[in-house]
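Asks: Have a look at this one.
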Amino acid sequence: MKKVITYGTFDLLHWGHINLLKRAKELGDYLVVAISTDTFNEIKNKKSYHSYENRKMILESIRYVDEVIPENSWDQKIKDVKDHNIDIFVMGDDWKGKFDFLKDHCQVIYLPRTIGISTTKIKQDLFSVKKG
Ligand code: C2G
Numbered sequence: 001m002k003k004v005i006t007y008g009t010f011d012l013l014h015w016g017h018i019n020l021l022k023r024a025k026e027l028g029d030y031l032v033v034a035i036s037t038d039t040f041n042e043i044k045n046k047k048s049y050h051s052y053e054n055r056k057m058i059l060e061s062i063r064y065v066d067e068v069i070p071e072n073s074w075d076q077k078i079k080d081v082k083d084h085n086i087d088i089f090v091m092g093d094d095w096k097g098k099f100d101f102l103k104d105h106c107q108v109i110y111l112p113r114t115i116g117i118s119t120t121k122i123k124q125d126l127f128s129v130k131k132g
């Protein structure tokens, strides 16, 4: 069984996230998603609308996702790859090159980001509607 892992906040889930999760799952048989905890989001300078628990519940309901684990730090990826017997690490290509150190432990694949959507864009568009 080929196991894939990916990481992210996945707040205000949108079709760009789904495109990523779908392609990640297509690379193997089992997809683990490490979701940033609310505490780690602070380290990432990200404030998510949905709590970790609710983002976890949403991700677990997606057909492409087999398991959701917490992402608590930048430094857990090698241990995660080992502990979960991961074959392929996947991220959107906005992270291209940033995780190449994992190549000693698994395949590293950066997938093209989906253009035209982001959690930030959703927030900005909704804010401008509210203001207008
Ligand atoms: N993504 C995408 N297309 C978009 C938006 C996001 O492919 N239009 C991808 C990102 O490249 C990332 C994943 O969806 O691979 C999750 O995006 P975020 O929740 O923004 O993740 P991020 O905050 O970048 O967290 O340790 C890694 C970090 O936790 C990554």
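Okay, so the sequence shown: first residue is 1 according to UniProt numbering, each after it adds one. The C-beta atom is built at its ideal place from N, Cα and C for all residues, glycine as well. Every value quoted in this text rests on a predicted model; they were computed, and no experiment measured them.
#1: For residue 107, list the residues DSSP reports as bridge partners.
#2: Would you list the one or two residues that DSSP bridges to residue 24?
#3: Contact defined as beta carbons within less than 8 Å: I believe residue 62 pairs with residue 32. What is the distance between those atoms, to the nearest angstrom?
#4: Considering only heavy atoms of ligand 1, does any lie closer than 7 Å to the CB of residue 19?
#5: Taking the beta strand (DSSP E) that residue 81 belongs to, which residues open and close that run?
#6: Please classify residue 77 as buried or exposed, where buried requires at least 16 neighbouring CB atoms within 10 angstroms.
#7: Is residue 30 a contact residue of ligand 1, with contact defined as CB to any heavy atom under 7 Å?
#8: From the DSSP output, read off the bridge partner residues of residue 69.
Replies: Taking the definition as stated:
#1: Its beta-bridge partners are 88.
#2: Partner(s): none; residue 24 has no beta bridge.
#3: About 13 Å separates the CB atoms of residue 62 and residue 32; that is not less than 8 Å, and the two are not in contact.
#4: True, at least one ligand heavy atom lies under 7 Å from that Cβ.
#5: Residue 81 -> not in any beta strand (DSSP E); alpha helix (DSSP H) instead, spanning 77-83.
#6: Buried.
#7: Answer for residue 30: no, Cβ out of range of ligand 1.
#8: BP columns for residue 69 point to 34.
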